[in-house]
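J.: Here it is: the structure, laid out below.
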Amino acid sequence: MLCSVALLMTACAATSNVVTDEEIVTNQKPMATYTSLLLRDFELKRELYDDGDERMGEREQRYERIPAQLTEQIQRYVKARRVYESVSRTTELTPKTLILQGKFIRMGRFRITIEALLLDGASGQEVAYFRQTLWDVLDTSEAVGRLGREVANFLDRIQYK
3 MLCSVALLMT ACAATSNVVT DEEIVTNQKP MATYTSLLLR DFELKRELYD
53 DGDERMGERE QRYERIPAQL TEQIQRYVKA RRVYESVSRT TELTPKTLIL
103 QGKFIRMGRF RITIEALLLD GASGQEVAYF RQTLWDVLDT SEAVGRLGRE
153 VANFLDRIQY K
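In short: position in the sequence shown from 1, add 2, done, that's my numbering.
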């Protein structure tokens with residue numbers, strides 16, 4: 003009986019949706035001084051999801067829409083928290099603007115990894131870095147929502163750094 007419980011706990015731990023991240027804030031001024039956020043779609047290279055077929059199938063078309071969907075999710079979650087006065091894809095660059103851009107590092111059925119950069123709107127200098135990995139991804143649509151929420155959480159956490 004005890005062995006069965008131990009085996010079950012080990013199996014559950016191995017299949018849980020683990021989120022690991024890395025956060026670095028290098029900005030000299032407080033992050034709370036930024037009042038607007040400009041969102042750019044994350045880069046997703048075709049070789050991360052392409053199955054090698056010449057013509058683009060339905061699966062590849064769904065993957066091509068993922069960067070825009072992630073941006074929409076991030077925008078929704080960040081706006082709901084009311085941290086920034088303006089959150090959009092078309093904000094004018096000012097000294098109080100942060101630019102969020104990033105890229106997908108890995109895109110697969112069981113793992114998605116993204117890197118996100120925050121840039122100062124006036125200088126273009128990197129002020130923060132974020133790396134997020136979702137494990138045991140079975141549904142890419144659900145994973146995009148979770149990634150959006152995690153990026154919004156990161157933006158919220160660094161406000162006081």
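Don't be surprised by glycine CBs; every beta carbon is placed ideally from N, CA and C.
Source: prediction; values computed, not measured.
Since D122 sits in a beta bridge, which residues does DSSP pair it with?
T.: Note: D122 sits in a beta bridge opposite L100.
J.: Is the Cβ-Cβ distance between S38 and S88 less than 7 Å?
T.: Contact flag set, yes.
J.: Is Q134 closer than 7 Å to L119 when the C-beta atoms are compared?
T.: In this structure, Q134 does not lie closer than 7 Å to L119 by Cβ.
J.: In the DSSP assignment, find the unbroken beta strand (DSSP E) run with E60 in it and report its ends.
T.: No beta strand (DSSP E) contains E60, which is instead part of the alpha helix (DSSP H) from 60 to 83.
J.: With a CB to CB cut of under 7 Å and the five nearest residues on each side skipped, what residues in its chain are close to D158?
T.: These residues qualify, in order along the chain: R83, V85.
J.: Using DSSP with H/G/I as helix, E/B as strand and the rest coil, what is Y131?
T.: Here Y131 sits in strand by DSSP.
J.: Taking only beta-carbon atoms, is T92 less than 7 Å away from chain D?
T.: Protein chain content of the structure displayed is limited to a single chain, and chain D is not contained in it.
J.: If you reduce the DSSP assignment to three classes, tell me which class L149 lands in.
T.: If DSSP states are grouped into helix, strand and coil, L149 belongs with the helices.
J.: Go through its chain and collect everything with a Cβ distance to T73's Cβ below 6 Å, but skip five positions before and after it.
T.: Around T73: L41, D43.
J.: According to DSSP, simplified to helix, strand and coil, what is T35?
T.: Helix.
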